[in-house]
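Following: one structure in structure tokens, then a few remarks.
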Amino acid sequence: MAAAHRLAAQSTVSIMDLAPEPIMWTSLAPRPWVDWWAVNPRPDGSEPVWGPQNANVEEMLEDVASGLGICIAPQSMAVYYGRPDLVWRPIPDIEPLRIALAWPETSSSPLVAAYVEVVRQLAEGMAADGEEAQPVR
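The sequence shown begins at 2 in the numbering used here and counts up one residue at a time.
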């Protein structure tokens with residue numbers, strides 16, 4: 002949300018705190034994906050207030066910084082898209098994004114093995130930092 006947003010001073014926000022806020026979205030993504038990120042429907046059965054559409058992350062963040070709406074994003078965006086005109090707040094009452102890595106059990110590719118090892122190390126590093134990460138098997 003914009004650094005000047007009415008909820009920016011809170012350490013966390015609930016999804017219902019965000020209910021009246023216009024949410025950024027894109028018609029370029031599949032609708033189930035858009036609905037998942039927008040938490041549509043909300044816990045009370047309502048639909049989000051749809052804000053401006055955007056074509057890419059940079060455009061979305063410019064609109065958010067300008068106060069045109071909010072976006073719900075993974076925690077990693079706070080690191081990679083940190084800006085002084087934006088604040089990122091956890092929403093503890095919604096499910097976090099979970100990413101899984103899958104590969105053929107019979108794979109003998111050294112590239113796949115190396116990639117799996119990098120993911121395993123990153124997941125272990127996240128767990129050591131107190132972030133939620135499931136082990137890579």
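All C-beta atoms in this analysis are idealised placements derived from N, C-alpha and C, irrespective of residue type, glycine included.
It should be emphasised that the depicted structure is a prediction, and the values quoted were computed from it without experimental measurement.
Under the three-state reduction of DSSP, which class applies to residue i: helix, strand or coil?
i      : result
Val117 : helix
Met78  : helix
Pro105 : coil
Ala5   : coil
Leu123 : helix
Leu139 : No answer is possible for residue 139: it lies beyond the span of the chain, which begins at 2 and ends at 138.
Once you ignore the five residues that flank residue i on each side, which residues in its own chain have a CB closer than 8 Å to its CB?
i      : result
Ala79  : Trp89
Ser15  : Ile92, Pro93, Asp94
Leu62  : Cys72, Tyr82, Arg84, Leu87
Ala114 : Ser108
For residue i, which residues from the same chain have a beta carbon less than 7 Å from its beta carbon, with the 5 sequence-adjacent residues on both sides left out?
i      : result
Glu106 : none
Leu19  : Ile71
In whole angstroms, what separates the C-alpha of residue i from that of residue j?
i      : j      : result
Gln76  : Tyr116 : 22 Å
Ile95  : Ile73  : 10 Å
Gln54  : Gly68  : 14 Å
Pro21  : Ala39  : 13 Å
Ile71  : Ser109 : 45 Å
Arg32  : Asn41  : 10 Å
Leu29  : Pro44  : 26 Å
Leu102 : Glu118 : 11 Å
Trp34  : Val120 : 24 Å
Glu48  : Arg99  : 23 Å
Thr27  : Asp64  : 13 Å
Arg7   : Leu123 : 35 Å
Ala56  : Pro97  : 24 Å
So, for residue i: in the same chain, excluding its five sequence neighbours on each side, which residues have a beta-carbon less than 6 Å away from its beta-carbon?
i     : result
Pro91 : Thr13
Asp86 : Ala4, Ala66
Does the beta-carbon distance from residue i to residue j come in below 9 Å?
i     : j     : result
Val50 : Ile24 : yes
Met2  : Ala9  : yes
Scan the region 26-76 and note each continuous alpha helix (DSSP H) run of 4 residues or more that stays entirely inside, going in chain order. Those alpha helix (DSSP H) runs which fall completely within the region 26-76 and span 4+ residues are 32-39, 58-66.
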